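K.L.:
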Amino acid sequence: MHPLEIEHRRIRLLHRVPPAIKLLVALGLVTTTAMLPRRPDALYWWPAALLGVLWLLSGMPLLYTIRRLLLFEFFIVGIGLMSLLAPASKDLFLSAFMKSNLCIFAMLLLTWTTPFPDILQELRRARLPAVMITTLALMSRYLPVLAEESARMQRARASRTFSRQHRLAWRNLANITAQLFIRSADRAERIYLAMCARGWK
Amino acid sequence: MHLHDGYLDAKTALLCTGASVVGVGIAVRQVRSCLEARQMPLLGLSAAFVFAAQMLNFPVVDGTSGHLVGGVLIAILLGPSAAILVITCVLMVQCLMFADGGLMALGANVLNMAVVSVCGGYFVFRALKWMLRMEDKRATVFAAAFASWCGTVLASIACAGELALSKTLPWSFIFPAMANVHMLIGVGEGVATSLIVLAVLRNRPQLVAGIKADGPATWAGFIGYGLLVALALAVFVAPFACPWPDGLEAVAGALGFANKATPHSVPAPLEDYRLPWVGSVTLATAVAGAIGTVIAFISAYALARILVPPLSSARKHAPSGD
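If you're matching them up, the sequences are chains A and B in order.
Using the working numbering, the first residue of the first sequence is number 143, and each one after it goes up by one.
Using the working numbering, the first residue of the second sequence is number 3, and each one after it goes up by one.
(1) What do you reckon, are the CB atoms on residue 52/B and residue 258/A nearer than 9 Å?
(2) Mind checking residue 195/A: buried by the 16 CB within 10 Å criterion, or exposed?
(3) Would you list the residues sitting across from residue 68/B in a DSSP beta bridge?
(4) Determine the chain A residues that contact residue 185/B at a beta-carbon separation under 8 Å, and present them in chain order.
(5) Could you give the C-beta distance for residue 144/B and residue 134/B, rounded to a whole number, given that I count them as a contact under 8 Å?
(6) Please classify residue 157/A: does DSSP put it in a helix, a strand, or coil?
(7) Taking DSSP as the reference, what is the three-state secondary structure of residue 164/A?
(8) Return no unless some Cβ of chain A is closer than 9 Å to the Cβ of residue 170/B.
(9) Within the 9 Å Cβ cut-off, does residue 238/A reach chain B?
(10) Would you kindly check if the distance between the Cβ of residue 192/B and the Cβ of residue 116/B is under 9 Å?
(11) Using a Cβ-Cβ cut-off of 6 Å (strictly less than) and excluding sequence neighbours within five positions of residue 266/A, which residues of its own chain qualify?
(12) In the DSSP assignment, the alpha helix (DSSP H) including residue 241/A goes from what residue to what residue?
(13) Using a Cβ-Cβ distance under 9 Å, would residue 303/A count as near chain B?
(14) Closer than 8 Å by beta-carbon distance: list the chain A residues that pair up with residue 95/B, in chain order.
(15) Residues of chain B with CB closer than 9 Å to the CB of residue 267/A, please, in chain order.
(16) When we look at the beta-carbon of residue 125/B and count the other beta-carbons within 10 Å, is it buried (16 or more) or exposed?
(17) Is it true that the CB of residue 334/A sits closer than 9 Å to the CB of residue 54/B?
(18) Measure from the alpha carbon of residue 153/B to the alpha carbon of each residue in 289/B, 86/B, 60/B, then state which is nearest.
(19) Please tell me whether residue 318/A and residue 161/A are closer than 9 Å, where the distance is taken between their beta carbons.
(20) Checking contacts by CB at 9 Å: is residue 112/B closer than that to chain A?
(21) Anyone know if the C-beta pair for residue 140/B and residue 31/B falls short of 9 Å?
(22) Name the chain B residues whose beta carbon is nearer than 8 Å to that of residue 288/A?
(23) What span of residues does the alpha helix (DSSP H) with residue 292/A cover, start to end?
(24) In the DSSP assignment, find the unbroken alpha helix (DSSP H) run with residue 185/B in it and report its ends.
(25) How long is the line joining the alpha carbons of residue 68/B and residue 194/B, rounded to whole angstroms?
(26) Do residue 91/B and residue 49/B have their C-beta atoms closer together than 9 Å?
(27) Just verifying my parser: in three-state terms, what is the DSSP assignment at residue 170/B?
(28) Decide if residue 232/A is buried, meaning its Cβ has at least 16 other Cβ atoms within 10 Å, or exposed.
(29) Using a cut-off of 9 Å between C-beta atoms, extract the partners of residue 326/B located in chain A.
(30) Do residue 74/B and residue 120/B have their beta-carbon atoms positioned less than 9 Å apart in this structure?
(31) If you drop the 5 nearest sequence neighbours on each side, which residues of the same chain put their C-beta closer than 6 Å to that of residue 112/B?
(32) Along chain A, which residues have their Cβ under 9 Å away from the Cβ of residue 1/B?
(33) For residue 179/A, name the three-state secondary structure that DSSP assigns.
(34) Counting beta carbon pairs with one atom in the segment 231-249 of chain A and one in the segment 289-305 of chain A, are three or more of them shorter than 8 Å?
(35) Could one say the Cβ of residue 172/A lies closer than 9 Å to chain B's Cβ atoms, at least one of them?
What follows is the structure, encoded as structure tokens:
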């Protein structure tokens, strides 16, 4: 799935909760889950139940949730499988698996219900340095632009290349990446001029 | 290499967050003192660029593909402090916008990929460039390839240390697994980075190290980063790598959570596991790592020879695209 895919989101109750509260709840949930005992335990039902209720309130579609969870499952199982090889570790594997899935679910709910500009506003209020706020804001603004530009460049390259040569594939991709950086730098110059024209100090 | 929540315990997550806050703090100070106002948007655009570049899939063997991480690449292009900020922002957006990488593990991810990998890789890059006496373009390609390989491996070692300190996995297991896998992944990262740096050098040479950093403030920053990386390695790696089983307890005692550490859970390889090969596994991995490093060094040199043939030195005085 394309990470920048824009889903149609209906505004539900959870979307109207102040972002600061959502961030704190997510952090609290993730921290508590991570500190649960390292064996399958009845305690795991608590965060799971809470997340289930929040899920119902959020209106996050089932298909989206499953696709997203599966996307990250690779990393979870990757580290998890290693723990299977260590001694006395079936409990460890199961608990780590449950913890990770619960935490990712919490993060999915957070990102689903909270648009990034809201989070940025909270970070600004939390006194994150101005350099980082500007960088984050510009990044979230120009991410789709650069992603589209990169896709366009790949399309152009594909239409000019007749055969897929493995030897050249890396060089072509590296050239596209370099070109993308050069274009980003040029765009940054223009953005600076535009910012100045609008009275940015 | 993203760590998700659930694999780190609270103390490791806190330690990592502390270390990464210090690292990012130094980077913010450095960038504030060295960056011109007109370069401000370049940071944001570079962050978006890194994210977009991570979405490009480099084909590996039929069907599988890998993607660039880009930390060392951006350090070579913009300098280390800007790179730390850029990668930190990328990780924050990945976590808070796409739920990729944990919220509690964000500190650890920033420490591994934005601080240890970028600083370590950039240090290797500068050291190689300083030591090498060869044509500038070839030296840059060579150093870029080897430095990004080192950056990848360093980040994976720090990651292994954090997992071991959380007692998620024993060090004797996670260290060889992570280090070996990332010594291979690092090859891809090195080749991709050097190809990209070379392409930028050919098209727009003045963009490489676009943010010039000189003067005493920079040296203070370098010393700060050096101390931080050394400290991170000392806390997360040294307790397991050194033969004394008390290393971790000493650190834990100094930091005030020794009461939690029971003697059994200290991952001293020889105590916990009685498999005959496990005791020497750190040593074996270190030897393998040394051999791998030499091979990577030679391959990076070969790559630079292939990519920048002697022919280009004849054209050195030709006007470069300005």
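All C-beta atoms, glycine included, are put in the ideal place defined by N, C-alpha and C.
If you're wondering where the values come from, they're calculated on a predicted model, not measured in any experiment.
P.N.:
In this structure, then:
(1) no
(2) exposed
(3) 60/B
(4) Going along chain A, no residue has its Cβ under 8 Å from residue 185/B, so there is no contact; the nearest lies around 16 Å.
(5) 7 Å
(6) helix
(7) helix
(8) yes
(9) yes
(10) no
(11) 275
(12) 232-255
(13) no
(14) 258, 278, 281, 282, 285
(15) Those within 9 Å of residue 267/A in chain B number zero; the least Cβ separation is about 15 Å.
(16) buried
(17) no
(18) 86/B
(19) no
(20) no
(21) no
(22) 47, 50, 51, 53, 54
(23) 272-302
(24) 173-205
(25) 10 Å
(26) yes
(27) coil
(28) exposed
(29) Look at the range of chain B in this structure, 3 to 324, and you will see that residue 326/B is not part of it.
(30) yes
(31) 22, 90, 93
(32) With chain B covering 3 to 324 only, the question about residue 1/B has no answer from this structure.
(33) coil
(34) no
(35) yes
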